[in-house]
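Order-wise, the sequence lines are chains A and B. Everything in the first sequence is counted per the working numbering, starting at 1 for the first residue and increasing by one. Everything in the second sequence is counted per the working numbering, starting at 1001 for the first residue and increasing by one. Positions of the beta carbon are idealized from the N, C-alpha and C atoms, including for glycine. Here the structure comes first, spelled out in structure tokens, and everything after it is commentary.
There are 2 protein chains.
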Amino acid sequence: MSQHSSLAGGEDEQSATADERDPANGKAPKTDRGRKTLRKLLDAAAQEFGERGFHEASIAGVTSRAGASIGTFYVYFDSKEAIFRALVADMGRLTRGWIAGRVKDAPDRLAAERLGVAAFIEFVRAHKDLYRIIMEAQFVAEDAYREYYTSFAAAYRRNLAEAAAKGEIRDGDHEERAWALLGMSVFLGLRYAVWSDDIVPAEIGAAVGDLIENGLAPEKPPGGSKP
Amino acid sequence: MSQHSSLAGGEDEQSATADERDPANGKAPKTDRGRKTLRKLLDAAAQEFGERGFHEASIAGVTSRAGASIGTFYVYFDSKEAIFRALVADMGRLTRGWIAGRVKDAPDRLAAERLGVAAFIEFVRAHKDLYRIIMEAQFVAEDAYREYYTSFAAAYRRNLAEAAAKGEIRDGDHEERAWALLGMSVFLGLRYAVWSDDIVPAEIGAAVGDLIENGLAPEKPPGGSKP
DNA sequence: TTGAAACATGAGTCAACATTCAAGTTTGGC
DNA sequence: GCCAAACTTGAATGTTGACTCATGTTTCAA
Chain A
1 MSQHSSLAGG
11 EDEQSATADE
21 RDPANGKAPK
31 TDRGRKTLRK
41 LLDAAAQEFG
51 ERGFHEASIA
61 GVTSRAGASI
71 GTFYVYFDSK
81 EAIFRALVAD
91 MGRLTRGWIA
101 GRVKDAPDRL
111 AAERLGVAAF
121 IEFVRAHKDL
131 YRIIMEAQFV
141 AEDAYREYYT
151 SFAAAYRRNL
161 AEAAAKGEIR
171 DGDHEERAWA
181 LLGMSVFLGL
191 RYAVWSDDIV
201 PAEIGAAVGD
211 LIENGLAPEK
221 PPGGSKP
Chain B
1001 MSQHSSLAGG
1011 EDEQSATADE
1021 RDPANGKAPK
1031 TDRGRKTLRK
1041 LLDAAAQEFG
1051 ERGFHEASIA
1061 GVTSRAGASI
1071 GTFYVYFDSK
1081 EAIFRALVAD
1091 MGRLTRGWIA
1101 GRVKDAPDRL
1111 AAERLGVAAF
1121 IEFVRAHKDL
1131 YRIIMEAQFV
1141 AEDAYREYYT
1151 SFAAAYRRNL
1161 AEAAAKGEIR
1171 DGDHEERAWA
1181 LLGMSVFLGL
1191 RYAVWSDDIV
1201 PAEIGAAVGD
1211 LIENGLAPEK
1221 PPGGSKP
């Protein structure tokens, strides 16, 4: 496994030296200088797009942040959209990696949900404007956006199915539940990470964990009574 | 006072017949001809923005759909962004109104949530591309976007607090819950209305309702036994 | 009937980039 | 050291589309 590197395209590393192409961008650097320039461009683009949004952002802005020239940009990417896509793909990898790390020791699924929500909030806080990039992808590169969330949903679905098999959660439609849970996280991220920082992630995880675990219905204790 | 209205933010209405000004756009029509033209422009803009997105959309596209000239457009709106904002505000009113109508007879909050989710899915299906406009507002007019969702969240919070007071739901942090529920609806709308039509809204409402009501934890029935 | 306020028109202006390209500079294998 | 491939450069090109404005038409109150 690769150590992911910042945001940049931490591809599969090594491999057969041969062509490390990914269809996203057109060209791959062969020398060290080239790889450094590519990295600088990606980091600069993350900043530029994050701060100004896709349409306000300019290639000139990216290259000047990167300390490169416009011509150089087009050596590494075919277009403005191409580098944007590269960024989205990267964010997906980064996010999943971060959450996976924070969740891997959870004793069961419901605990994992709590940790996962908290981890997600933390992550978004640490990458606010990069997170904007994902959201804007919906309008700039819809397929990349769908891919991003669909793969999250798929992971959720798997986890839920597994947990149901173990009897950790009730049975039900895991697809619908997956999207519901995903939506929760995303909106909590928007509210408590992008728009405000005032609540500690663990608390949000706890509140949501409780909601997910027990729902909103009043408790019905064994001897209970209700109007 | 208005009962219920889960998602609906009971407007303020009032106002005489006089000038329905909103600071959003610059000019208001005085004659009948003017009002008709304004309406045509708004409808055309909804189409144009919905189909092509804010940045791809052009004023020329709007005016040609409306059967008006470019100059006319600038009689009614100060800029491309101004008409976009007007559209977002309109959508907010429309959405809240629709859901309020569907939810008003719910016997209690948990039933209302079920109906609300289903109504929201229905609404988004019926206004797919208009819904895009809301989402894109995040990048074109962030304040309008925040306003849109914040007023939804506020309505949720009120309803939850009220329900808690009546003992219909457990106590807890209603702000966090509100955003969690909002996120659910939005993402289910994305998945089951914008991206696909294959599941009937009531079923989604039922599944989510169950999740919201009981959570995911395995049932712990009083005399306990499980198949 | 009339004239002034409302409204409509659309060619032309103008600034903002994305992208290209021909010409230079650096790297690294031999 | 040599030189081909890799890399860098930024002025020039071309497109696009929001917005202006001078002129013409319609409405309606008096």
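Chain order gives the chain A residues near G1053/B as F139, where near means a beta carbon separation below 8 Å.
Between D173/A and A1118/B, the alpha-carbon positions lie close to 16 Å from each other.
DSSP places I59/A in the helix class (H, G or I) of the three-state scheme. Shown in chain order are the members of the region 179-190 of chain A whose Cβ falls below 9 Å from a Cβ of chain B: W179, A180, L181, L182, G183, M184, S185, V186, F187, L188, G189 and L190. For the region 1065-1140 of chain B, the full-length alpha helix (DSSP H) segments reaching 4 residues or more read 1070-1076, 1080-1103, 1109-1126 and 1128-1140 along the chain. Within the same chain, no Cβ atom closer than 6 Å to the Cβ of K1036/B is found once the five residues on either side in sequence are excluded. Residue-level contact by beta carbon holds for L1211/B and chain A, with a gap shorter than 8 Å. I1204/B: member of the alpha helix (DSSP H) spanning P1201 to N1214, first to last residue. Fully contained in the region 161-197 of chain A are the following alpha helix (DSSP H) runs of length 4 or more, in chain order: 174-189.
Between V1208/B and chain A, the shortest Cβ-Cβ separation is below 8 Å.
Under the three-state reduction of DSSP output, K1040/B falls in the helix class. The C-alpha of T1031/B is placed about 55 Å away from the C-alpha of G71/A. Within chain A, not a single residue places a beta-carbon under 8 Å from that of P1107/B; the smallest gap is close to 13 Å.
Residue nearest to S151/A within the set E168/A, K27/A and V88/A is V88/A (criterion: CA-CA distance). Proximity of chain A to I1121/B at the Cβ level (cut-off 9 Å) is not reached, the minimal Cβ distance being about 11 Å. Per DSSP, reduced to three states, the secondary structure at A28/A is coil, with no helix or strand assignment. Taking C-beta separations shorter than 6 Å and ignoring five residues to either side along the sequence, the partners of A1137/B in its chain run V1088, A1144 and Y1145, following chain order. Two segments are said to touch when three or more pairs of C-beta atoms, one from each, lie closer than 8 Å; by this definition the region 207-214 of chain A does not touch the region 189-198 of chain A. G50/A has its alpha-carbon roughly 26 Å from the corresponding atom of G205/A.
Between E1176/B and G1067/B, the alpha-carbon positions lie close to 47 Å from each other. Each residue's CA atom was taken as its position, placing R125/A and D198/A some 11 Å apart. For G1116/B, not one C-beta of chain A is nearer than 8 Å to its own C-beta.
By the Cβ rule, the region 1153-1163 of chain B counts as touching the region 1107-1114 of chain B, because three or more pairs are nearer than 8 Å. Close CB contacts of A112/A within its chain, under the 6 Å cut and outside five residues either way in sequence, are with V103 and A106 (chain order). Interface flag for G215/A against chain B is set, since a Cβ pair is found closer than 8 Å. Contact annotation for P218/A against chain B: G1167, E1168, I1169 and R1170 [CB-CB distance below 8 Å, chain order].
The Cβ atoms of L41/A and F73/A sit closer than 8 Å to each other. For G1116/B, the closest of A1217/B, L1130/B and G1101/B by C-alpha to C-alpha distance is G1101/B. Listed by position along chain B, the residues whose Cβ is nearer than 8 Å to that of I204/A are E1176. Here A1217/B carries a coil assignment [DSSP, helix/strand/coil]. Between D173/A and chain B, the shortest Cβ-Cβ separation is below 8 Å. Neighbours of E1136/B in chain A, taken as residues at a C-beta separation under 7 Å, are given in chain order as F139. In this structure, G1215/B sits near E213/A, with a CB-CB distance shorter than 8 Å.
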